[in-house]
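Note that the sequence shown ends on residue 1519 in this note's numbering; no numbers are left out.
For glycine and all other residues, C-beta sits at the position ideal for the given N, C-alpha and C.
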Amino acid sequence: MHDSRVSETPPSRILCQGDFGGCGACCGVYNDKDRKNNAAWERALREQTQRVAAANFDPEALKQIKAAFVHRHQQQRLYEDIRVCPFAGFVEENKIGCLIHPSRHPQQKDLRDLSVHSQKICAGHFCAAHDWLRPEEVAMINTCEGSFYGLLVSQVGLVKQLRACMESLLHRPLTVKDCELHTEGFQHLWRRIQDWPYASPNPQRFGAFVFIGAQGNSQSLPSCAALFEETPPTMWTQLLDELESHFDHPEQAVEGLEYVQSLLRELICDWGPQTVTPSSDR
Ligand code: SF4
Ligand code: SF4
1238 MHDSRVSETP PSRILCQGDF GGCGACCGVY NDKDRKNNAA WERALREQTQ RVAAANFDPE
1298 ALKQIKAAFV HRHQQQRLYE DIRVCPFAGF VEENKIGCLI HPSRHPQQKD LRDLSVHSQK
1358 ICAGHFCAAH DWLRPEEVAM INTCEGSFYG LLVSQVGLVK QLRACMESLL HRPLTVKDCE
1418 LHTEGFQHLW RRIQDWPYAS PNPQRFGAFV FIGAQGNSQS LPSCAALFEE TPPTMWTQLL
1478 DELESHFDHP EQAVEGLEYV QSLLRELICD WGPQTVTPSS DR
């Protein structure tokens, strides 16, 4: 029987490694109670990277690393039933990826059967973002540096709301060319969004939902729209929800809205018209 986690046809563009950042979301790197404490989370991932690198692809050493990791990480997991692979780490200074990927092995050996998934799943799984993101949205997130790239890949709703809000300010569709021409501007935006001052500290909050229970089942949250006396267009309140905003009072919600609008205005302020049209809606 076909395993639904394995794609029957690989996507034309694989998102796992971007130009400036890499993802390990489906390898479980965000299944961690410290996921919103970036310094601690990243330190632990760098330490694990060093352990795996020291094993130098020796299968016995990797098995020991896995056993020690599974034991050590037990208390650290947000969701008991979601596996966390001990072999995800920093494949480059600022890029997360698979440390035992065959392309990294001196003889291209594939050791991924040693992981928490099978080699078949590791090689053949391509997450829903591959289907859901439009080319211009892919180009947008491709500008992102570091570990935040993986969070953008896995938060399709946030990417889509950002694009919609940007287009409403631009009065035209966003294009791939815009993203390629304004990489630095986008990188500035991603840093501000990564440090979103109104973000809920709850590590179980991902976008507009909380994920609860051992399996991480989604539960929707009330929108921040109710906090506004004069409700802004839905795309803006949905963007604030996707940003994991938690506002203590209405004035703070207005402040958050003005802040994100100023970030987007700052990004697009000197963009000219673009003639390249984006792909049709999906
Ligand atoms: S979550 Fe998607 S983009 Fe990220 S590593 Fe997995 S398949 Fe690749
Ligand atoms: S072995 Fe598989 S699950 Fe582990 S990091 Fe590599 S691709 Fe991800």
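Per-residue DSSP class, three states only, for residue i
i: residue 1493; result: helix
i: residue 1505; result: helix
i: residue 1391; result: helix
i: residue 1259; result: strand
i: residue 1340; result: helix
i: residue 1254; result: strand
i: residue 1247; result: coil
i: residue 1499; result: helix
i: residue 1487; result: helix
i: residue 1297; result: helix
i: residue 1350; result: helix
Bridge partners - residue i, DSSP secondary structure assignment
i: residue 1448; result: 1455
i: residue 1325; result: 1335
i: residue 1482; result: 1436
Reference residue i, options the options, closest by Cα
i: residue 1293; options: 1336, 1271 and 1257; result: 1336
i: residue 1456; options: 1507, 1446 and 1440; result: 1446
i: residue 1507; options: 1441, 1453, 1324 and 1407; result: 1407
i: residue 1421; options: 1474, 1504 and 1260; result: 1504
i: residue 1313; options: 1484, 1270 and 1433; result: 1270
i: residue 1389; options: 1261, 1344 and 1474; result: 1261
i: residue 1379; options: 1286, 1341, 1419 and 1309; result: 1419
i: residue 1296; options: 1320, 1470, 1268 and 1342; result: 1342
i: residue 1331; options: 1300, 1463, 1241 and 1259; result: 1259
i: residue 1309; options: 1334, 1431, 1499 and 1282; result: 1282
i: residue 1444; options: 1396, 1409 and 1250; result: 1396
i: residue 1400; options: 1243, 1423, 1265 and 1385; result: 1423
i: residue 1430; options: 1454, 1385 and 1405; result: 1385
i: residue 1285; options: 1481, 1301 and 1392; result: 1301
Check: residue i C-beta below 7 Å from any heavy atom of ligand 3
i: residue 1355; result: Ligand 3 is absent from the structure shown, which contains only ligand 1 and ligand 2.
*Fully enclosed by the region 1393-1473, which alpha helix (DSSP H) runs are 4 residues long or longer?*
1393-1407, 1413-1418 and 1420-1431
*What are the start and end residues of each continuous alpha helix (DSSP H) run of 4 or more residues lying completely inside the region 1353-1385, in chain order?*
1356-1361, 1366-1369 and 1372-1378
_Give me the pocket residues for ligand 1, defined as CB within less than 6 Å of any heavy atom, sorted by chain position._
1252, 1253, 1260, 1261, 1262, 1263, 1362, 1363, 1364, 1366, 1387, 1390 and 1391
_In chain order, each beta strand (DSSP E) run of at least 3 residues that lies wholly inside the region 1259-1289_ = none
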